[in-house]
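Chains as they are written, first to last, in numbering that gives the first Met the number 0: chain C, 0 to 163; chain H, 0 to 208. Note that beta-carbon positions come from the ideal geometry of N, C-alpha and C, so glycine has one too. For clarity, every value in this text was computed on a predicted model and none was experimentally measured. Read the structure below first, then the notes.
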Amino acid sequence: MLKSSWYLLFLLIPTGVYGQSHSQSINIRVSATVQETIELITIESLDLRNANRQESILTLNPVQDSGAGKMVARGTPGSEFRLDYLRQRELTNTRGTGTLLVIYNISGNHIDEQQTSELLEQEVRDLEFNDDGEFYIWIGGIVDLSEAEPGSYEGDFTIEIEYI
Amino acid sequence: MKFVATISKFRSRKYFFSFCVYILLLLFPLFLKAQEVDFSRYGTYTIDLENISMGDLIFDGPVVSGGGIYEVELIDSYIFSIIGVKYLDVGLSITGDGELLLDGNSENSGDPQKSVPFTLKAAYSNRGQNNIADAKIIPVAGGNIGYIRFPVSGREQQPPGPPPPPPTKPFDQAEFEETAFLYLYGEIDVGNVVSGNYTGTITIQIEYE
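This is the structure we're talking about:
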């Protein structure tokens, strides 16, 4: 009788002292959407030789004129991007002195069709790549030749595209 | 003397030997943790770990292939609340995947074009406010494994006080609860990878200690 009482006592000790304490476990997901690097490819340079001339002002319409420059931007299909460009730029005379100021204007389209492209004002910047990840851009401009020295002029067009 | 007398009541060596082994087995855990009284093991306490942030820990904004390091900073971190008994310590374990995989597909693990290295960072605040200014860094090792033990309510460098007096009414944990906060953030290093959705997992486990 004594023997069984001892065992009973010790069996009760471990179960009586320890209560339940709770723990919790949670999983969360980490995610990132990686987009393709944006490429800008120049297809045709802007050519002012065939621009419309009214007195000393040369005008090249990016929607209608064949001398407009052409670029294609390539990125992640369907993703939105922001487009910005330097509207004014100086062209330098490669054979002499003097500069020309060109005021650029551009148009863009989801398809490779200049005539249906839309003029892109600087306020209209949020655009979208098409299903093939492409967006077409045409570049025109206005140049005032009234104070220009004879010569050949060259310059850059600066455009910046980034995902939104 | 009384103990000796008790022993003498065992009529055979066999019973005495069994008795000694049983006593040693009972005392064995006490030998291992002789300097610590684990109050949390003597009651039924619950602990709640709840998302304050919604959805995933997202590396937001345009993440571009080949773009290098992108960071979710502490100020933009993913936040959990930890609601528990304020005078108890909790042990917090964090395990994160070492890389985010294209479409979460484990077959892409280790593929430099379909995986993005992920570095997990974490911090906690136990001063009762969801305030990153109070956040203390949780050490996270290279394998994105972190562990820290801290009181649910910070003791501000004071030694822990005595346990509360035994309640004279049924124990109501809500009267002794406090909220601590867990912040998860980190960075990814985006190489020249295939575009798409990259995902990984972080597991958080918390328990009283």
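Residue burial classification, residue i (beta-carbon count within 10 angstroms, cutoff 16)
i, result
"Thr-202 of chain H", "exposed"
"Lys-120 of chain H", "buried"
"Glu-127 of chain C", "exposed"
"Leu-85 of chain C", "exposed"
"Ser-44 of chain C", "exposed"
"Gly-53 of chain H", "According to the sequence shown, residue 53 of chain H is Met rather than Gly. The residue is exposed, with fewer than 16 neighbouring Cβ atoms inside 10 Å."
"Ile-93 of chain H", "buried"
"Lys-113 of chain H", "buried"
"Asp-125 of chain C", "exposed"
"Thr-115 of chain C", "exposed"
"Ile-22 of chain H", "exposed"
"Glu-153 of chain C", "exposed"
Where residue i falls: helix, strand or coil (DSSP)
i, result
"Asn-104 of chain H", "coil"
"Tyr-21 of chain H", "helix"
"Gln-23 of chain C", "strand"
"Thr-171 of chain C", "The structure shown does not extend to residue 171 of chain C, since chain C is modelled only from 0 through 163, so no value can be given for it."
"Val-131 of chain H", "The sequence given here has Ile at residue 131 of chain H, not Val. Here Ile-131 of chain H sits in helix by DSSP."
"Glu-174 of chain H", "helix"
"Asn-196 of chain H", "strand"
"Leu-126 of chain C", "strand"
"Asp-64 of chain C", "coil"
"Ile-74 of chain H", "helix"
"Arg-148 of chain H", "strand"
"Asn-191 of chain H", "coil"
"Asn-51 of chain C", "strand"
"Phe-79 of chain H", "strand"
"Thr-94 of chain H", "strand"
"Phe-80 of chain C", "strand"
"Gln-112 of chain H", "coil"
"Phe-156 of chain C", "coil"
Beta-ladder partner(s) of residue i, from DSSP
i, result
"Gly-140 of chain C", "C:Leu-59, C:Tyr-103"
"Glu-89 of chain C", "C:Leu-100"
"Leu-39 of chain C", "C:Ala-72"
"Ala-122 of chain H", "H:Ile-136, H:Tyr-182"
"Glu-49 of chain H", "H:Ser-80"
"Asn-108 of chain C", "C:Tyr-135"
"Ala-147 of chain C", "BP columns for Ala-147 of chain C are empty, so no partner."
"Ile-201 of chain H", "C:Ile-27, H:Gly-95"
Would you check if the stretch 54–61 of chain C and the stretch 86–95 of chain C touch, i.e. whether three or more CB-CB distances between them fall below 8 Å?
-> Segment contact: the stretch 86–95 of chain C against the stretch 54–61 of chain C, fewer than three CB-CB distances shorter than 8 Å; contact not assigned.
Touching by the beta-carbon criterion (3+ pairs, under 8 Å), the stretch 70–82 of chain H and the stretch 96–107 of chain H = Verdict: no, contact absent.
Using 8 Å as the Cβ pair cut-off and three pairs as the minimum, do the stretch 137–144 of chain C and the stretch 101–120 of chain C touch?
-> Between the stretch 137–144 of chain C and the stretch 101–120 of chain C, the count of C-beta pairs closer than 8 Å reaches three or more; the two stretches touch.
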